[in-house]
Amino acid sequence: MSAMPSYRGGYAPRGSRGGWNGSFSKSKKPFVKPDIEKNPLGQLLQTIKIADLKEGSITTLPGGSITDLCYIASYNWRSDTSVAILIPGKPPQWTPLQDLQRLPEDNGQYFRDPNAARCPQYPVAPVVQSVLHLHADFPTRSMDIVACGSTLGNLLRFVRGQDKAFRFLAQVIGNTVFFLRKENDPRELIPNVRGYGHSFPEANTTWENDVKGSETHQRIVQYDLGGLRFLVRFECDGYIMDESFKTKDRVKKKPTATTHIDDLLPGLGTASITPAPLSRSPGSDYIPIEHGGTEIPQHSIFDLKTRSGKYKSEIDMSDIYPQLWIKQVPNFIVAYHDGAGLFKDVRVQDVQNEVLKWEADNIEAIHRLTVLLNRIVAFARNDQGLLEVYCPHEDCLELRRQHGQGTNALPGELRDAWANEAFSDSDDGGLELDQGYESAEDYKADSDEDEPDYTACSVEDCGYCGKCTY
1 MSAMPSYRGG
11 YAPRGSRGGW
21 NGSFSKSKKP
31 FVKPDIEKNP
41 LGQLLQTIKI
51 ADLKEGSITT
61 LPGGSITDLC
71 YIASYNWRSD
81 TSVAILIPGK
91 PPQWTPLQDL
101 QRLPEDNGQY
111 FRDPNAARCP
121 QYPVAPVVQS
131 VLHLHADFPT
141 RSMDIVACGS
151 TLGNLLRFVR
161 GQDKAFRFLA
171 QVIGNTVFFL
181 RKENDPRELI
191 PNVRGYGHSF
201 PEANTTWEND
211 VKGSETHQRI
221 VQYDLGGLRF
231 LVRFECDGYI
241 MDESFKTKDR
251 VKKKPTATTH
261 IDDLLPGLGT
271 ASITPAPLSR
281 SPGSDYIPIE
291 HGGTEIPQHS
301 IFDLKTRSGK
311 YKSEIDMSDI
321 YPQLWIKQVP
331 NFIVAYHDGA
341 GLFKDVRVQD
351 VQNEVLKWEA
361 DNIEAIHRLT
371 VLLNRIVAFA
381 RNDQGLLEVY
391 CPHEDCLELR
401 RQHGQGTNAL
411 PGELRDAWAN
421 EAFSDSDDGG
431 LELDQGYESA
441 EDYKADSDED
451 EPDYTACSVE
461 DCGYCGKCTY
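Taking full-length UniProt numbering, I'd label the letters of the sequence shown as residues 1 to 470.
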């Protein structure tokens, strides 16, 4: 019996620094292009050029800074064949090796998109289920956009003039526009994996007892930008334990849509995994929920990257800052190896000030991004159909009708739940489900140099193109 492919992956943002002033910022490497023969395009409705995104002035545009950041929800995917999500879950703890060890190269099977691979028909469903499970009265109508770091990162590259083809689906549910990442195949594996981007974190982070057996931690935060309110999902590489976690006898405080990240600290406690009854009606697309983990404050999480130090070249942080900004991750760990798996230089850095400086230096690009996002939201709300956003090349963004019948972002009952039309929280920790399946396993059985070097690649950014450089 073959092992379940791994879902854990890095998140190595890409993009050059600075705004667009008439000349485009070139991408450093080619990306995997959308396969429009396998997944055809629908009717073209509108084309947007970068020059179209200069509406208003920077001084009159709603804030170019991200504000009112707060943690909302999170969940873990487990590494076994279960399709249940663990809520709230917890990222792995940073537990660096005490002695130097030469690590083996990555050797395994890894999906490009863990959410689509686990839940190919409705990859955004676990986001909505985790949010509504933790907050039955969540103010869904105040949300303008639900997106992942990948789709927002692609739009940021576009407004910065980088040449990367991409596509994603868009649908209005209630008052919210859902952006749905679209790869060529939801269960596509990363071929010829090389480097240490998986073996290093596996050796230097630990899934604690309350989330043991997890494969990836997915985090949802809320913030405001450009007059819009966002829910952004991203994969979290880990968290750093500090003294605040060791305080005993704390009273847990459940976050609300307006909770500030630091307000979560008193609520950090321990929890064991409590499997909920996993019932499901035939044909249902709801994901069973298990309870376990601990809510981790935003200031404790980190992104992690490995790089070769063989040629004494430093990591280009201007490539990293854009996605740290999108995800609002304050800590960054970079680990340099000797080219053969020995990591002697590991740096744990608080990069909040540097990310703020990147934001200030790129205010013109952020201005264009907010204009673009407002245009997409307005168009989608006016159209009310199943849409697709497609970028075939630099300086060309197309708004299209989805091909054929199209794809809904959520199954019917979850759509109603988000639109505040019909939501009930069942005793088993998920949406009310009819009896049908006794376990998540039953649910899974019924559901549907010259060589590439993946050391510098990531799941959410380039989809492991094998072309990233140090």
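Glycine included, every Cβ here is placed at the ideal spot set by N, Cα and C.
Residue i versus residue j - alpha carbon distance
i, j, result
"residue 83", "residue 316", "37 Å"
"residue 398", "residue 344", "47 Å"
"residue 107", "residue 204", "17 Å"
"residue 391", "residue 167", "6 Å"
"residue 211", "residue 298", "18 Å"
"residue 368", "residue 104", "44 Å"
"residue 77", "residue 46", "38 Å"
"residue 231", "residue 381", "17 Å"
"residue 488", "residue 301", "With the chain represented from 1 up to 470, any question about residue 488 goes unanswered, as that position is not in the structure."
"residue 349", "residue 386", "42 Å"
"residue 478", "residue 102", "The requested residue 478 does not occur in the structure, where the chain is confined to residues 1 to 470."
"residue 378", "residue 37", "29 Å"
"residue 319", "residue 351", "13 Å"
"residue 342", "residue 241", "25 Å"
"residue 161", "residue 176", "27 Å"
"residue 39", "residue 238", "35 Å"
"residue 51", "residue 173", "30 Å"
"residue 190", "residue 118", "15 Å"
"residue 359", "residue 86", "34 Å"
"residue 111", "residue 188", "6 Å"
"residue 129", "residue 288", "10 Å"
"residue 74", "residue 291", "11 Å"
"residue 374", "residue 384", "15 Å"
"residue 264", "residue 405", "Its pLDDT being 35, under 50, residue 264 is placed unreliably in this model, and the value from its coordinates should be taken loosely. Going by the C-alpha atoms only, they are around 43 Å apart."
"residue 400", "residue 94", "43 Å"
"residue 355", "residue 70", "17 Å"
Residue interval of the beta strand (DSSP E) (run including residue i)
i, result
"residue 46", "44-48"
"residue 344", "343-350"
"residue 305", "301-308"
"residue 335", "331-337"
Proximity of residue i and residue j at Cβ, strictly below 8 Å
i, j, result
"residue 220", "residue 127", "yes"
"residue 313", "residue 339", "no"
"residue 393", "residue 41", "no"
"residue 197", "residue 322", "no"
"residue 222", "residue 115", "no"
"residue 88", "residue 213", "no"
"residue 407", "residue 44", "no"
"residue 206", "residue 235", "no"
"residue 149", "residue 366", "no"
"residue 146", "residue 178", "yes"
"residue 410", "residue 159", "no"
"residue 357", "residue 334", "no"
"residue 520", "residue 395", "The first residue shown for the chain is 1 and the last is 470, placing residue 520 beyond what the model contains."
Residues sharing a beta bridge with residue i, DSSP
i, result
"residue 471", "Only positions 1 to 470 of the chain appear in this structure, which leaves residue 471 out of reach."
"residue 170", "179 and 387"
"residue 289", "85"
"residue 196", "Answer is none; residue 196 lacks a bridge partner."
"residue 205", "94"
"residue 235", "218"
Residue i: first and last residue of the uninterrupted alpha helix (DSSP H) it sits in
i, result
"residue 150", "149-159"
"residue 132", "125-134"
"residue 79", "Neither: residue 79 is in no alpha helix (DSSP H) and is coded neither H nor E."
"residue 398", "Not the alpha helix (DSSP H): residue 398 falls in the beta strand (DSSP E), residues 396-401."
"residue 117", "114-118"
"residue 321", "321-327"
"residue 415", "412-418"
Status (buried if at least 16 other CB within 10 Å, exposed otherwise) for residue i
i, result
"residue 311", "exposed"
"residue 92", "buried"
"residue 303", "buried"
"residue 143", "buried"
"residue 279", "In this prediction, residue 279 has a pLDDT of 34, which is less than 50 and means its spatial position is unreliable; nothing more can be read from the coordinates."
"residue 195", "buried"
"residue 227", "exposed"
"residue 54", "exposed"
"residue 180", "buried"
"residue 330", "buried"
"residue 99", "exposed"
"residue 141", "exposed"
"residue 156", "buried"
"residue 412", "exposed"
"residue 97", "exposed"
"residue 233", "buried"
"residue 347", "exposed"
"residue 362", "buried"
"residue 417", "buried"
Short CB-CB distance (under 8 Å) between residue i and chain B
i, result
"residue 348", "The displayed structure is made up of one protein chain only, and chain B is not part of it."
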